[in-house]
Each structure stands twice: as structure tokens, then as C-alpha cells.
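Residue numbers (my numbering): 104 to 185.
Glycine residues also receive a C-beta, built at the ideal position from the N, C-alpha and C atoms.
One structure is given here, and the rest of the page talks about it.
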Ligand SMILES: [Zn+2]
């Protein structure tokens, strides 16, 4: 009888990136917590409050970088920062 515990590893593949960002609409101030794709930049986001289509500000790669509380994963990992 072996009291073998299941070797559960919390190996998250070395990913400590923040997956969620709080988007704040510049028009109406509506805030929405959105999950970010880790392998792509989200260019457009429709506000759930006023239905305006958010676009990145000049120099930003996606709406999370412009309006989110957290920059997008590619920027967090430093692969698409200027
Ligand atoms: Zn809005």
C-alpha cells in the first residue's frame, strides 16, 4: 500500500502574464473586465455601455494598451514593445 499522492504540478508553462484587463470606455466611462487573447492584439472592442467601437490610440497596438488597466500579453512579455 503506497500512500502516493497525485503529483499535481501547478506548472503554468512559465506564464505569469495577466490575462484580464479592465477596459474603461472613454466615452461613457463603462468598465468591462475582458479576457485578452495571448497570441493576438485586439484592435476593436465594442463598449457594452454605449456601443461605441473603441480603437487603439495612436502608438498603441490594441485597445487594452489604450483603455485597459493592463497592457496586452504581447506587450507584457515584451515582444511587441517598440
Ligand atoms: Zn462606452
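Residues near residue i in its chain [Cβ-Cβ closer than 7 Å; skip 5 each side]
i: residue 210; result: Here the chain comprises residues numbered 104 to 185, so residue 210 is not present and cannot be evaluated.
i: residue 163; result: 169
Reference residue i; option with closest CA among the options
i: residue 153; options: 128, 177, 141, 139; result: 128
i: residue 181; options: 141, 161, 151, 150; result: 141
i: residue 133; options: 179, 163, 150, 119; result: 150
Residues near residue i by beta carbon distance below 6 Å, same chain, minus five either side
i: residue 166; result: 145, 148, 157, 159
i: residue 171; result: 124, 126
i: residue 179; result: 120
i: residue 173; result: 121, 124
Residue i to residue j span [Cα, whole Å]
i: residue 155; j: residue 121; result: 25 Å
i: residue 175; j: residue 130; result: 21 Å
i: residue 161; j: residue 168; result: 11 Å
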